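> This is the structure I want to talk about, given as structure tokens.
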Amino acid sequence: MKAVVMTTPGKPEVLQLQDIPEPKLQTDRDIVVRLHAAGVNPIDTKLRNRGTFYPDDMPAILGCDGAGVVEAVGSAVSRFQVGDEVYFCAGGLGKSGTGNYAELTVVDERWVARKPKSLSFTEAAAAPLVLITAWEALYDRGRLAAGQTALIHGGAGGVGHVAIQLAKIKGADVCTTVSSQEKARLVRQLGADEPILYKQTDFAQAALDWTEGKGVDVAFDTVGGQTFYDTVPAVKVYGDLVTILEPDYNIGKLKTARSRNLRISLELMLTPTLQGLVAAQEHQTEILEQCAQWIDEGKLNIHLSQTIPLPDAVSAHQAIESGSTTGKIALQTA
């Protein structure tokens, strides 16, 4: 089969299209999926640049997100049959026999959900990682509830654009940071109540003004760095600040957070996979099942900004690393 493989860490050009053996069922719970598309995420570019979580398993196939059609099933598989259309976030972290920048992949059926009927395969492949990340950050870590307010950074980005919609589904009011008027229009279409042009405005002060000085109930940081600390004064006393980036641990900078009694949460949706936490992985599958229902009901949309052929994976990584993409990028594998 055709697959995009990395044999060493480095720049995007280390990604090479190769012919490799087709993957085989490893356990009786596995399914073989003929991939139609693979999502491209920032984690892919980081692993390509610095090395995977399994450096001894090189060469590696990247890509956590996939969507396709079930081609074979193990003897104990009960949830799927040949011909089913599925989507999932599994593999792609460097472990041998996994990854979705390919024509075929093998996945444990427990980590797989039925593809939303209303989405194309490329749209579906762009969805899983960002849906799980936003859900866990807002619902599980931040405990967002109806009637609350949320500040979501990078609202036009991959995680941000679904986070806005999940917050609105929950019944919250949303302000979100964007870099341009074009992106402000997009996030309004997604349901955001207050776009904040952060290049022109102090976003923390804008959030305070929007909440009449109280601060937001939940802030979701998808940017990291100084943005994490600059967000602290925008959160209400006893509020929640959730980040998907590892903060620069500076105790002095956390004084304001401590004085406001903030609950700070770190969100990493890869933890269940990396630590083999079966119940947590099954929860992530349930997230995809519920989101598929909302997508088919028209409550949730995936903004796919670019579809790139599998052989051009290098250009997909270059686009991600430019930092200027909107929504999601997917590789068309079939």
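With the UniProt record's numbering as the guide, the letters of the sequence shown map in order to residues 1 to 334. Ideal Cβ positions, reconstructed from N, Cα and C, are used throughout, including at glycine. Because the structure is a prediction, the values reported are computed rather than measured.
Can you round the beta-carbon distance between Asp230 and Arg263 to whole angstroms, since I take them to be within the 8 Å contact cut?
Contact flag wrong, Cβ pair sits at about 18 Å.
> Can the beta-carbon of Ala313 be found closer than 8 Å to that of Tyr101?
Contact: yes.
> Short of 6 Å in beta carbon distance, which residues of its chain neighbour Val130, apart from the five on each side in sequence? Order them along the chain.
Taken in chain order, the residues that qualify are Gly158, Val159, Val162.
> Near Thr149, what residues of its chain come up, given a Cβ to Cβ distance below 7 Å and the 5 sequence neighbours on each side ignored?
Around Thr149: Ala172, Asp173, Thr211, Val216, Asp217.
> Classify Ser179 as helix, strand or coil using the three-state DSSP reduction.
If DSSP states are grouped into helix, strand and coil, Ser179 belongs with coil.
> Across which residues does DSSP place Ser265 in a beta bridge pair?
DSSP lists Val242 as partners of Ser265.
> State the DSSP-derived secondary structure class of Glu85, mapped to helix, strand or coil.
Correct three-state label for Glu85: strand.
> Specify, as a first and last residue, the run of the beta strand (DSSP E) that Asp221 falls within.
Where Asp221 is concerned, the enclosing beta strand (DSSP E) stretches over 216 to 221.
> Compute the Euclidean distance between the alpha carbons of Thr170 and Ile164, then round it to the nearest angstrom.
A small fix is needed here, since residue 170 is Lys in this sequence, not Thr. About 10 Å.
> Give me the Cα-Cα distance between His153 and Phe228, rounded to the nearest whole angstrom.
Their backbone Cα atoms lie some 10 Å apart in a straight line.
> Going by Cα to Cα distance, which pick from Asp202, Pro42, Arg185, Ala156 is closest to Leu93?
If we check each option's Cα against that of Leu93, Pro42 comes out closest.
> Note the first and the last residue of the continuous beta strand (DSSP E) segment covering His36.
Per DSSP, His36 belongs to the beta strand (DSSP E) from 30 to 40.
> Going by alpha carbons, who is nearest to Asp140 out of Pro116, Ser120, Leu166?
Comparing Cα-Cα distances from Asp140 to each of Pro116, Ser120, Leu166, the minimum goes to Leu166.
> Measure the CB-CB distance between Val14 and Leu310 and report whether it falls below 8 Å.
No, these two residues do not count as a Cβ contact at 8 Å.
> I'd like the span of the beta strand (DSSP E) that includes Asp108, first residue to last.
Taken as a continuous stretch (DSSP letters only), the beta strand (DSSP E) holding Asp108 covers 104 to 108.
> So, Leu86 versus Lys115, is the Cβ gap smaller than 8 Å?
Residue identity differs from the one stated: residue 86 is Val in this sequence, not Leu. Yes. Within cutoff.
> Hey, would you say Ile287 sits closer than 8 Å to Trp111, going by beta carbons?
Cβ atoms of Ile287 and Trp111: not closer than 8 Å.
> Could you tell me whether the Cβ atoms of Ala72 and His36 are closer together than 8 Å?
Not closer than 8 Å, so no.
> Answer yes or no: do Lys328 and Gly39 have a C-beta to C-beta separation smaller than 8 Å?
In contact: Lys328 and Gly39 (Cβ atoms closer than 8 Å).
> So Gly99 and Gly63 are supposed to be a Cβ contact under 8 Å. How far apart are they, rounded?
Right, their Cβ atoms sit about 5 Å apart.
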